[in-house]
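Okay, structure first, notes after.
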Amino acid sequence: MSTSVTSSTKIDNGSIKSPVWTTIKFDVPGIQTDFARVPYSSNTSAYGWIPVPMVCLNGDKGGPTALLTAGTHGDEYEGQVALRKLIHELAKTELQGRVIILPALNQPAVKVGRRNSPIDGGNLNRLFPGSLSDGPTAAIAHYVTSELFSLADLVIDLHSGGTSLDYLPMTLAHPGRNESEAGAIRRLLQCFGAPYSAVTNGSGGGGGSTLYAAAEQRGIAAITTELGSGSTLSETGLSIAESGIRHVLRDFGIAPAIEVSAKPTTRFVRFLERNGTIYAPCDGLFESFVKPGQRVLVGEKAGLIHRFDDVLAAPTELKFAEAGIVAFRRFPTLTATGDALFGLVTEVAE
Ligand SMILES: [Zn+2]
């Protein structure tokens with residue numbers, strides 16, 4: 002199977018110009034819909050492209066631009082649905098700025114309901130800033146980095162726990178490269194108003210290879226979310242996504258007239274990194290004793306793993322090495338050595 006994207010050309014600043022193209026003209030006022038068209042030569046389509054849906058709503062009043070993405074992982078639904086609903090809402094709302102929405106950023110993964118692309122196996126949120134030599138998924142990342150980031154004043158990439166994780170609803174952000182960027186990111190977290198907000202370096206997750214990390218490295222105020230679990234649509238998570246985006250678009254002067262619910266407040270937390278994470282020490286069936294949001298103590302029992310290889314042996318007991326709040330737990334019962342079973346956060350001073 003070819004993973005060739007297409008030939009590429011250098012642009013003036015020495016970087017490689019993206020071969021991904023669209024009919025959308027971002028500076029034109031009004032609503033335009035098309036695709037980010039990702040050239041891909043396959044066995045069944047020699048000269049075709051992969052369609053990644055994209056909408057640009059431009060109020061032409063000189064206000065800031067929000068870049069909103071979801072479906073970066075195809076099995077996470079709250080963001081996908083929230084952005085699809087938002088497009089209809091914004092179409093009848095007067096805008097002072099511009100909103101660029103891609104509700105299914107890894108469209109091939111979205112269409113099969115999987116985290117990674119069925120075309121090249123690419124995990125889009127581990128391929129930033131992207132490249133043109135690693136298949137179409139990396140080419141999507143490269144397009145976002147090289148073309149869309151330059152248009153954006155703020156970036157929100159909506160994620161959820163997906164197939165494997167049950168997550169406490171929260172926003173996450175990298176810290177920013179200096180005090181002023183840190184302040185802009187903190188403002189974005191507060192405006193979004195998820196129940197919890199974590200400033201993190203992404204270790205344990207995607208580190209610097211995620212969309213929001215790549216945006217932060219270019220000086221853009223960027224956040225991501227975790228809003229649900231188990232590859233279904235959480236009503237609570239959807240409502241947090243819709244409310245958060247509305248507050249951001251209103252407070253940043255992009256859609257000043259958009260309706261919002263009561264102002265939410267967020268609790269700032271930090272991840273307890275490796276010591277706060279419990280990984281499966283063996284294969285087996287995972288039995289959890291605690292839920293996301295629950296406070297736990299050092300030494301508290303977290304759960305059991307019932308081993309496959311010796312039914313007479315006592316189940317393997319899991320205990321927390323630190324005290325904290327459960328941020329996530331593994332969703333599927335079936336587990337294998339190395340799976341992340343629990344992660345903890347702890348509250349930090351405002
Ligand atoms: Zn995700």
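Its first residue numbered 2, the sequence shown is counted upward by one per residue in my numbering.
Backbone N, C-alpha and C define an ideal beta-carbon position, used for all residues, glycine too.
- Cβ contact annotation for residue 82 (same chain, cutoff 7 Å, sequence separation greater than five): 234, 239, in chain order.
- The beta carbon of residue 175 sits no closer than 7 Å to any heavy atom of ligand 1.
- Counting only the Cα atoms, residue 241 lies some 27 Å from residue 324.
- Counting the other Cβ atoms within 10 Å of the Cβ of residue 262 gives fewer than 16, which makes it exposed.
- Here the C-alpha atom of residue 61 lies approximately 10 Å from the C-alpha atom of residue 255.
- By the 16-neighbour rule on beta-carbons within 10 angstroms, residue 295 is exposed.
- Segment contact: the segment 45-63 against the segment 91-105, three or more CB-CB distances shorter than 8 Å; contact assigned.
- A direct Cα-Cα distance of roughly 32 Å separates residue 284 from residue 212.
- Annotation for residue 33: the continuous beta strand (DSSP E) segment containing it runs 31-40.
- In the DSSP assignment, residue 57 falls within the beta strand (DSSP E) that extends over 50-59.
- Annotation for residue 226 indicates a beta carbon at 7 Å or more from all heavy atoms of ligand 1.
- Here the C-alpha atom of residue 293 lies approximately 12 Å from the C-alpha atom of residue 197.
- In the structure shown, residue 260 adopts coil according to DSSP, grouped into three states.
- For residue 114 against residue 76, the beta-carbon gap comes to about 5 Å, under 8 Å, which counts as contact.
- DSSP places residue 101 inside the beta strand (DSSP E), whose first and last residues are 99-103.
- Taking 8 Å as the upper bound for CB-CB distance, residue 332 and residue 166 are in contact here, some 6 Å apart.
- When 155, 94, 217, 37 are compared, the shortest CA-CA separation from residue 193 is found for 155.
- In summary, residue 151 is exposed, with fewer than 16 beta-carbon neighbours lying within 10 Å of its beta-carbon over all protein chains present.
- The continuous stretches of alpha helix (DSSP H) do not include residue 350, and DSSP gives it neither H nor E.
- The secondary-structure analysis by DSSP pairs residue 167 across a beta bridge with 230, 330.
- The way I'd put it, the segment 166-176 does touch the segment 225-233; three or more beta-carbon pairs between them come closer than 8 Å.
- For residue 156, the enclosing beta strand (DSSP E) begins and ends at 155-159.
- Assignment of residue 145 by DSSP, reduced to helix, strand and coil, places it in the helix class.
- Cβ-Cβ separation between residue 205 and residue 272: approximately 7 Å, consistent with a contact (criterion under 8 Å).
- For residue 169, the closest of 348, 336, 349, 329 by C-alpha to C-alpha distance is 329.
- The residue from 71, 48, 337, 34 with its alpha-carbon nearest to that of residue 309 is 337.
- The beta carbon of residue 201 sits no closer than 7 Å to any heavy atom of ligand 1.
- Note that the segment 340-347 touches the segment 264-278; at least 3 beta-carbon pairs, one per stretch, sit closer than 8 Å.
- Residue pairing by DSSP puts residue 71 in a beta bridge opposite 159.
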